[in-house]
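Some notes on the structure that comes next.
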Amino acid sequence: MKNYYDVVIIGAGPAGIFTALEISKQDKDLDVLIIDKGREITKRVCPARTTGECANCHPCSIVSGWSGAGAFSDGKLSQSPEVGGRILDYIDEGKANALIKYVDDTYLHFGADSELYGTNNKRIDDIKYQAARYNIRLIPCSVRHLGTEKAFNVLKNMYDYLINETKTEYSELTIAKEITTDGDIVNGVIIEDKDGFEKKIECKYVVVAPGRDGAAWLSKQAKSLDIPICNNAVDIGVRVEVPNAIMDHLTRDLYEAKLVYYSDTFENKVRTFCMNPGGVVSEEHYDGKLAVVNGHSYADQRLRTDNTNFAVLVSTSFTEPFNQPIEYGKYIAQLGNMLTGGGIMVQRLGDLLKGRRTDYSRLKKSTTIPTLKSAVPGDLSYVLPHRYLMSIIEALRAFDKIAPGLYERDTLLYGVEVKFYSSKVTVNDGFETDIQNLYAIGDGAGITRGLMQASVTGVIVARDICIKKQ
Numbered sequence: 042m043k044n045y046y047d048v049v050i051i052g053a054g055p056a057g058i059f060t061a062l063e064i065s066k067q068d069k070d071l072d073v074l075i076i077d078k079g080r081e082i083t084k085r086v087c088p089a090r091t092t093g094e095c096a097n098c099h100p101c102s103i104v105s106g107w108s109g110a111g112a113f114s115d116g117k118l119s120q121s122p123e124v125g126g127r128i129l130d131y132i133d134e135g136k137a138n139a140l141i142k143y144v145d146d147t148y149l150h151f152g153a154d155s156e157l158y159g160t161n162n163k164r165i166d167d168i169k170y171q172a173a174r175y176n177i178r179l180i181p182c183s184v185r186h187l188g189t190e191k192a193f194n195v196l197k198n199m200y201d202y203l204i205n206e207t208k209t210e211y212s213e214l215t216i217a218k219e220i221t222t223d224g225d226i227v228n229g230v231i232i233e234d235k236d237g238f239e240k241k242i243e244c245k246y247v248v249v250a251p252g253r254d255g256a257a258w259l260s261k262q263a264k265s266l267d268i269p270i271c272n273n274a275v276d277i278g279v280r281v282e283v284p285n286a287i288m289d290h291l292t293r294d295l296y297e298a299k300l301v302y303y304s305d306t307f308e309n310k311v312r313t314f315c316m317n318p319g320g321v322v323s324e325e326h327y328d329g330k331l332a333v334v335n336g337h338s339y340a341d342q343r344l345r346t347d348n349t350n351f352a353v354l355v356s357t358s359f360t361e362p363f364n365q366p367i368e369y370g371k372y373i374a375q376l377g378n379m380l381t382g383g384g385i386m387v388q389r390l391g392d393l394l395k396g397r398r399t400d401y402s403r404l405k406k407s408t409t410i411p412t413l414k415s416a417v418p419g420d421l422s423y424v425l426p427h428r429y430l431m432s433i434i435e436a437l438r439a440f441d442k443i444a445p446g447l448y449e450r451d452t453l454l455y456g457v458e459v460k461f462y463s464s465k466v467t468v469n470d471g472f473e474t475d476i477q478n479l480y481a482i483g484d485g486a487g488i489t490r491g492l493m494q495a496s497v498t499g500v501i502v503a504r505d506i507c508i509k510k511q
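For reference, each letter of the sequence shown is one residue, going 42 to 511 in this note's numbering.
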């Protein structure tokens, strides 16, 4: 690692990777350093994927390292600017669609599958019409599905290209401690390497893209640098698992049915997210200890399961004086961890509705076989606040109208699913902060919520940097 680079990128997720990819296209002479607290992609090994038991690795290989949480995710590339973030707050729809097409072509270049779901407009219109009868909004969005194993390969191809064919370096197991400035201009990053030594890396541009796992750190940095921030919504809920037969008529054409419902009692926005046909429920860890639930699926049909899983999330936008949305989400997840001894909780919907805990004997009677074998039977009513729990139940009851069998006894609910959206950092339309040459992008900046839009923000920043250099 040198003492000076033209650009330092904090975070090796899709936002950081696409910043480096686009810089390499626009200006091959720029020296770029990407740092991440996780490992290089081929070294990211999760014991839970082979043994079924989380080993509490630090850092967690599921959320940290090259390609961020995207390395082991389901790998969905949503083709609509309405899905997966807030880029329409910064650029117009025409430019957003052009950038999504550009990013999608880049994923294809590095090995993404050519199949695109959600293009059968007649079928989508039929589902949308049926959903509207029950006050459910279907958000049409074509999706390119990488699959967990193909996402890994595509992102590895990007790594190999950047490291072997461009002036990009990657420093694994490296922590960004502090962003430094000279007045109102950024001038470097103080880092701690894998051996525990601190040093300052000087640079002209800093791109902060730490992902959701780095959201709290970015918020602290923004406050210390007097960069304005505002609270984002908090998304808290459960992951639902049901037999494929219940969801196939939706996922066959859509792959992911993005449904929105406003709950009957509280009128909270409830949405489905991260739908995985034939997938598995998984566990991931934040801050080295906090267990939250997620899900993914494989592109290879031989690796598909009999179940479909998806998140049902309740969105809440808090107002003043509340200013700790990330801490609130973590607190709810910690309650679940406390009751399970540190793992993920699972409960049958029928038990929840009867006001009783799911135990191992009741779980064994379930016709829906859980794919997360380490999940601990429990009672989600001791974890989720009444407002969230009631909103989820009411939404599931409504979704059952278009997916019969969803609101049944053996539907499995895993908790807690929390999306840590950072307090949104104030940036201009090039994602530059009030500190000159300091950019904040991706999920960690509270701007995006998925692979595609995070990648798009990286392209925008790279182009802005290269124009400035000229």
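Heads up, the beta-carbon is just placed ideally off N, CA and C, and yes, glycines get one too.
Checklist line | Beta-carbon contacts of Tyr-327 that lie in its chain and below 6 Å, excluding the five residues immediately before and after | finding: Asp-254.
Item checked: CA nearest to the CA of Ile-75, picked from Ile-232, Gly-126, Asp-166, Tyr-143 -> Ile-232
Next item on the list: Leaving out five residues on either side along the sequence, give the residues of the same chain with a beta carbon under 7 Å from the beta carbon of Asp-470.
Entry: Tyr-131, Ile-132
Next item on the list: With DSSP as the reference, please indicate the residues paired to Cys-271 in a beta bridge.
Entry: Lys-465
Notebook entry, point to check: Do you know offhand how far Lys-465's Cα is from Val-322's?
Noted result: 29 Å
Notebook entry, point to check: How long is the line joining the alpha carbons of Leu-71 and Lys-245, rounded to whole angstroms?
Noted result: 11 Å
Notebook entry, point to check: Looking at the unbroken alpha helix (DSSP H) that takes in Cys-507, where does it start and where does it end?
Noted result: Start and end: 492-510.
Notebook entry, point to check: Cβ of Val-248 within 8 Å of Cβ of Ile-501?
Noted result: no
Item checked: Given Ile-433 as reference, the closest of Thr-452, Gly-229, Leu-149, Gly-483 once Cα atoms are compared -> Thr-452
Next item on the list: Reducing DSSP to helix, strand and coil, say where Ile-232 ends up.
Entry: strand
Check: From Lys-123 to Val-301, what does the alpha carbon distance come to, in whole angstroms?
Finding: For the sequence presented, residue 123 should be read as Glu rather than Lys. Counting only the Cα atoms, Val-301 lies some 13 Å from Glu-123.
Checklist line | Simplified DSSP state of Ser-358, which is helix, strand or coil | finding: coil
Notebook entry, point to check: Is the beta carbon of Thr-489 less than 8 Å from the beta carbon of Gly-126?
Noted result: In this structure, Thr-489 lies near Gly-126, with their beta-carbon atoms less than 8 Å apart.
Note to self: By the DSSP assignment, the alpha helix (DSSP H) with Gln-290 in it spans what residues?
What the structure shows: This sequence places His at residue 290; Gln is not what is there. Bounds of the alpha helix (DSSP H) holding His-290 are 285-295.
Check: Given a threshold of 16 other Cβ atoms within 10 Å of its Cβ, counted over all protein chains shown, does Phe-363 qualify as buried or as exposed?
Finding: Phe-363 is exposed by the Cβ-count criterion.
Next item on the list: List the residues that DSSP assigns as beta-bridge partners of Ile-51.
Entry: Ile-76, Val-249
Checklist line | Alpha-carbon spacing of Leu-390 relative to Glu-134, whole angstroms | finding: 40 Å
Notebook entry, point to check: Where Ile-168 and Met-42 are concerned, what is the direct C-alpha to C-alpha distance, given to the nearest angstrom?
Noted result: 54 Å
Notebook entry, point to check: For Pro-100, which residues from the same chain have a beta carbon less than 6 Å from its beta carbon, with the 5 sequence-adjacent residues on both sides left out?
Noted result: Lys-78, Gly-79
Note to self: Less than 8 Å between the beta carbons of Lys-330 and Asn-97, yes or no?
What the structure shows: yes
Check: Does the distance from the C-beta atom of Tyr-455 to that of Ile-373 stay below 8 Å?
Finding: no
Next item on the list: Drop a sphere of 10 angstroms on the beta-carbon of Ser-260, count the other beta-carbons inside from all chains shown, and report buried for 16 or more, exposed for fewer.
Entry: buried
Notebook entry, point to check: From which residue to which residue does the beta strand (DSSP E) around Leu-300 run?
Noted result: Where Leu-300 is concerned, the enclosing beta strand (DSSP E) stretches over 300-303.
Notebook entry, point to check: So, Leu-295 versus Arg-185, is the Cβ gap smaller than 8 Å?
Noted result: In this structure, Arg-185 does not lie closer than 8 Å to Leu-295 by Cβ.
Notebook entry, point to check: Considering Val-144, what are the terminal residues of the alpha helix (DSSP H) in which it resides?
Noted result: 134-150
Margin query: Please report the straight-line C-alpha distance between Lys-264 and Thr-209, rounded to a whole angstrom.
Written below: 30 Å
Next item on the list: Would you kindly work out how many angstroms separate the C-alpha atoms of Thr-498 and Tyr-401, rounded to a whole number?
Entry: 46 Å
Check: By Cβ distance below 6 Å, which residues in the same chain neighbour Gly-446 in space, the five residues on each side in sequence not counted?
Finding: Ile-287
Notebook entry, point to check: Any idea what DSSP makes of Asn-205, helix, strand or coil?
Noted result: helix
Check: Pick from Glu-81, Pro-426, Ser-121: whose alpha carbon is nearest that of Leu-492?
Finding: Ser-121
Next item on the list: Could you give the DSSP three-state label for Ala-153: helix, strand or coil?
Entry: Three-state result, Ala-153: coil.
Notebook entry, point to check: Does the beta-carbon distance from Ile-216 to Val-230 come in below 8 Å?
Noted result: Not in contact: Ile-216 and Val-230 (Cβ atoms no closer than 8 Å).
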